[in-house]
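Asks: One structure, pasted below without further comment.
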Amino acid sequence: MQSEKFDVVKFIARGSYATVYEIVYPPQGDETAMWPTTKTTKWALKRIYLQNESAVRCALREHRILVRLALAEEQSPFLGTLFQSFRIHGGPAFVLRKGSGFDLQDLISNVGFLDEEDARFYSSEIICGLEYLHTMRIVHLDVKPTNMLIADSGHLFITDFDRSYDITREAEPPKKVDFTGTPLFMAPEVKDQVEITTRADVWSLGVLVAFIMYDRDKVQNWLTSGHLRKGRLSNMSAPLRHFFKACLRRNHIKRLDMHDVKCLEFYKDVNWEAVVACKMVPPYHPSNLKVSAAQEKFKLDPYDPLLLAAAYDKHMPLIDRHLRHIRKKGGVRRLEVVEPNRKLLKSAGLTTSRIDELLADFNFINPRLQSSHEVKETQTGSGNKDASSELKLGELEGCSSLLQRSKRRSRKLSSVVTKAYGRHHLGLVISSWVRNQLCHESPVRTTTLWRYLGHSVDLVSGM
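Here the numbering used here is used: the first residue of the sequence shown is 24, the next is one more, and so on.
Written out as structure tokens, the structure reads:
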């Protein structure tokens, strides 16, 4: 694979140190590529920006675990998949399995709290994913609804391993920085920095199930009072009360492991072989869901060319609820960015050379990815031109109409933008923008227009 062939089509989300985009590879119409054994051509590109020591540590941790999972002889359908890793401007980048754009928290926001039957379905899939992790001696440590992505099929898969703990790598007791997670879902022994075992995820599973079934404030009160842990709630079935009591034992040594959780009465009618084979029909499908938390959080156009171009920029774009940009004279927009705290990085011993040393193996290709291509670091590293996230609005306005008028004008437009922003940057920006402008054109018309554009910029892409 070559990273310049990624077609960045949509902004998905932003985290503390990362941005996530939907990408397509290879561009549709590339007949030389061999597709991987996945059911979709859409991927997620996760850019990690090394803003501080924590970002570096999380990137290394997640990469090690994702590589281990990718190289395992058996694969779980309930875990995220790393297809490739490489570096963009020296920072880590992952090409990952992409979900439907919704997670388990989005499901609750759209359909309301789940009944026992539906909660049993989703928790069964989570249990299978976590049990697989635990057989590899990996503790997820951040089990919560937002880390349970919904696939296009409606099934779940677990993501975000940047806080996970690999027991097989550690010859010494865990360090202070290893005791991490989301406080509300953290097991007591992790919160108190006592020990990290796979049973920490069992506690988090119990909290997660409570949150997808009951009001947040109510669950927090139950956890604080101990009513949920002690099974003193009468408004739920006896098997469910026993489930919470078993998962939420404060003494982790006496807490069940994930295999034992499967044997609880709450799951007595579950066909676990059918669950693992994804033969159970999900109660909800992504098509039933309308709004995701990301759409609510970020009031911006996820197809904005300026934002899409930032996928390959050097610094992290500044995004709070809106895309922060500066409009200059001549109709030019430029993103505001967040630069890394180099002083803090240096004080932690993370010089540029040290970071290069730590990230030396960020060139992974999943052996199951059947492709004749290799990822090449483009628009990155020393000697490569930094493509700034800048667009002249006047050059893009009417782009679609110019393409429709004539082959000559489409070539002229491509030439102008290529000269201003570079060949690969043009591909990233214009391909995504034109796709949105032409979404209502007929297939024949659209294909013709794309062919015109492709002759000019080496970008032949389909709809």
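In this text, a Cβ means the ideal position worked out from N, Cα and C, and glycines have one as well.
Since the structure is predicted, the reported quantities are computational estimates derived from the model, not experimental observations.
(1) By DSSP's criteria, Lys-33 is part of a beta bridge. Which residues make up the other side?
(2) Tell me whether Asp-183 sits in a helix, a strand or coil according to DSSP, three-state version.
(3) On the CB-based measure, 16 or more other CB atoms within 10 Å of its CB, does Trp-295 come out buried or exposed?
(4) Measure the alpha-carbon distance for Ala-383 versus Arg-70 and round it to whole angstroms.
(5) For Leu-73, which residues in the same chain have their Cβ closer than 6 Å to its Cβ, ignoring the five residues on either side in sequence?
(6) Which term fits Phe-136, buried or exposed, when burial requires 16 or more other beta carbons within 10 angstroms of its beta carbon?
(7) In the structure shown, what three-state DSSP assignment does Gln-98 receive?
(8) Pairing CB atoms from the segment 181-189 with CB atoms from the segment 235-254, are three or more of them under 8 Å?
(9) Going by beta-carbon coordinates alone, are His-251 and Leu-271 separated by less than 8 Å?
(10) Report yes if the CB atom of Glu-218 is closer than 8 Å to the CB atom of His-163, and no otherwise.
(11) Cβ of Leu-119 within 8 Å of Cβ of Trp-66?
(12) Helix, strand or coil for Phe-144, going by three-state DSSP, please let me know.
(13) Between which two residues does the alpha helix (DSSP H) carrying Ile-235 extend?
(14) What first and last residue would you give for the beta strand (DSSP E) that runs through Leu-358?
(15) For Glu-212, which residues of its own chain have a beta-carbon under 6 Å away from its beta-carbon, when the five flanking residues on both sides are left out?
(16) Quick test of the definition: if touching needs 3 or more C-beta pairs under 8 Å, does the segment 328-343 touch the segment 356-373?
(17) Is it buried or exposed for Glu-319, if we count other Cβ within 10 angstroms and need 16 for buried?
(18) How is the alpha helix (DSSP H) around Lys-268 delimited, first residue to last?
(19) Going straight from the alpha carbon of Ile-161 to that of Arg-357, what length do you get?
(20) If you measure between the beta carbons of Glu-148 and His-178, is that distance less than 8 Å?
(21) If we call anything under 8 Å between Cβ atoms a contact, is Leu-68 one with Val-47?
(22) Would you decide whether Pro-390 is buried or exposed? Buried here means 16 or more other CB atoms lie within 10 Å of its CB.
(23) Within 10 Å of its beta-carbon, does Gly-204 have 16 or more other beta-carbons around it, so buried, or fewer, so exposed?
(24) When the Cα atoms are used, what is the spatial distance from Ser-77 to Asp-141?
(25) Considering only residues of the segment 278-337, which uninterrupted alpha helix (DSSP H) runs meet the minimum length of 4 residues and lie entirely inside it, listed in chain order?
(26) Taking Ile-111 as part of the alpha helix (DSSP H), name the residues at either end of that continuous run.
(27) Buried or exposed: where does Ser-248 fall if 16 or more other Cβ atoms within 10 Å of its Cβ makes it buried?
(28) Comparing C-alpha positions only, which one of Ser-176, Met-303, Ala-93 and Glu-139 sits nearest to Tyr-237?
(29) What residue range does the beta strand (DSSP E) around Lys-65 cover?
(30) I'd like to know whether the C-beta atoms of Gln-107 and Phe-289 end up nearer to each other than 8 Å.
(31) Just verifying my parser: in three-state terms, what is the DSSP assignment at Asp-189?
(32) Just how far apart, CA to CA, sit Ala-41 and Ile-342?
(33) Specify, as a first and last residue, the run of the beta strand (DSSP E) that Ile-173 falls within.
Replies: Taking the coordinates as given:
(1) Within the sequence shown, numbered from 1, the residue matching residue 33 stands at position 10. Paired residues: Glu-45.
(2) Counting from 1 along the sequence shown, the entry for residue 183 is found at position 160. Coil at Asp-183, not helix or strand.
(3) Sequence index remark: in the sequence shown, residue 295 carries index 272 (1-based). Exposed.
(4) Taking the first residue of the sequence shown as position 1, residue 383 is located at position 360. Taking the first residue of the sequence shown as position 1, residue 70 is located at position 47. Rounded to whole angstroms, the separation of the alpha carbons of Arg-70 and Ala-383 is 16 Å.
(5) Residue numbering aside, residue 73 sits at position 50 when the sequence shown is read from its first letter. Within its own chain, the residues whose Cβ lies closer than 6 Å to the Cβ of Leu-73, once the five positions on either side in sequence are excluded, are Val-79, Gly-114 and Pro-363, listed in chain order.
(6) By one-based count along the sequence shown, residue 136 stands at place 113. Around the beta carbon of Phe-136, fewer than 16 other beta carbons sit within 10 angstroms, so the residue counts as exposed.
(7) Numbered from 1 along the sequence shown, position 75 holds the residue referred to as residue 98. Gln-98: coil per DSSP, three-state reduction.
(8) Result no; under three Cβ-Cβ pairs closer than 8 Å.
(9) Counting from 1 along the sequence shown, the entry for residue 251 is found at position 228. Counting from 1 along the sequence shown, the entry for residue 271 is found at position 248. Here residue 251 turns out to be Leu, not His, going by the sequence shown. Yes, they are a contact pair.
(10) As a first step, residue 218 must be located in the sequence shown, where it is residue number 195. As a first step, residue 163 must be located in the sequence shown, where it is residue number 140. Cβ atoms of Glu-218 and His-163: not closer than 8 Å.
(11) The residue labelled residue 119 in the question sits at position 96 within the sequence shown. The residue labelled residue 66 in the question sits at position 43 within the sequence shown. Yes, they are a contact pair.
(12) Taking the first residue of the sequence shown as 1, we reach residue 144 at position 121. It is helical.
(13) For this step, residue 235 is matched to residue 212 along the sequence shown. Note, Ile-235: alpha helix (DSSP H), 222-236.
(14) What you label residue 358 is simply residue 335 of the sequence shown in a count that begins at 1. In the DSSP assignment, Leu-358 falls within the beta strand (DSSP E) that extends over 355-358.
(15) Mapped onto the sequence shown, residue 212 falls at position 189. The residues are Glu-218 and His-275.
(16) Output reads yes: the segment 356-373 touches the segment 328-343.
(17) The residue given as residue 319 occupies position 296 in the sequence shown. Exposed: under 16 other Cβ atoms inside 10 Å.
(18) Along the sequence shown, one-based indexing puts residue 268 at 245. Under the DSSP assignment, Lys-268 falls in the alpha helix (DSSP H) whose first and last residues are 261-270.
(19) Locating residue 161 in the sequence shown gives position 138, counting from the first residue. Locating residue 357 in the sequence shown gives position 334, counting from the first residue. If I take the Cα positions, the gap works out to 42 Å.
(20) Taking the sequence shown and counting its residues from 1, the one referred to as residue 148 is at position 125. Taking the sequence shown and counting its residues from 1, the one referred to as residue 178 is at position 155. In this structure, His-178 lies closer than 8 Å to Glu-148 by Cβ.
(21) On the sequence shown, position 45 is the one that residue 68 refers to. On the sequence shown, position 24 is the one that residue 47 refers to. 8 Å or more divides the Cβ of Leu-68 from the Cβ of Val-47.
(22) As a first step, residue 390 must be located in the sequence shown, where it is residue number 367. Under this definition Pro-390 is an exposed residue.
(23) Taking the sequence shown and counting its residues from 1, the one referred to as residue 204 is at position 181. Under this definition Gly-204 is a buried residue.
(24) By 1-based counting over the sequence shown, the position of residue 77 is 54. By 1-based counting over the sequence shown, the position of residue 141 is 118. Distance between the alpha carbons of Ser-77 and Asp-141: 37 Å.
(25) Segments of the alpha helix (DSSP H) lying fully in the segment 278-337: 281-284, 295-299, 316-320 and 328-332.
(26) Residue numbering aside, residue 111 sits at position 88 when the sequence shown is read from its first letter. Following the DSSP letters along the chain, one finds Ile-111 in no alpha helix (DSSP H) but inside the beta strand (DSSP E) bounded by residues 105-111.
(27) Taking the sequence shown and counting its residues from 1, the one referred to as residue 248 is at position 225. Within 10 angstroms of the beta-carbon of Ser-248 lie fewer than 16 other beta-carbons, which makes it exposed.
(28) The residue labelled residue 237 in the question sits at position 214 within the sequence shown. Comparing Cα positions, the closest option is Glu-139.
(29) Here residue 65 corresponds to residue number 42 of the sequence shown, with the count starting at 1. Looking at the DSSP string, the run of the beta strand (DSSP E) that includes Lys-65 is 65-71.
(30) Here residue 107 is taken as the residue at index 84 of the sequence shown, counted from 1. Here residue 289 is taken as the residue at index 266 of the sequence shown, counted from 1. Against a cut-off of 8 Å, the Cβ pair of Phe-289 and Gln-107 comes out as no contact.
(31) Numbered from its first residue, the sequence shown carries residue 189 at position 166. Under the three-state reduction of DSSP output, Asp-189 falls in the strand class.
(32) As a working note, residue 41 is residue 18 in the sequence shown. As a working note, residue 342 is residue 319 in the sequence shown. In a straight line, the C-alpha of Ala-41 is about 11 Å away from that of Ile-342.
(33) In the sequence shown, counting from the first residue as 1, residue 173 sits at position 150. First-last of the beta strand (DSSP E) with Ile-173: 171-173.
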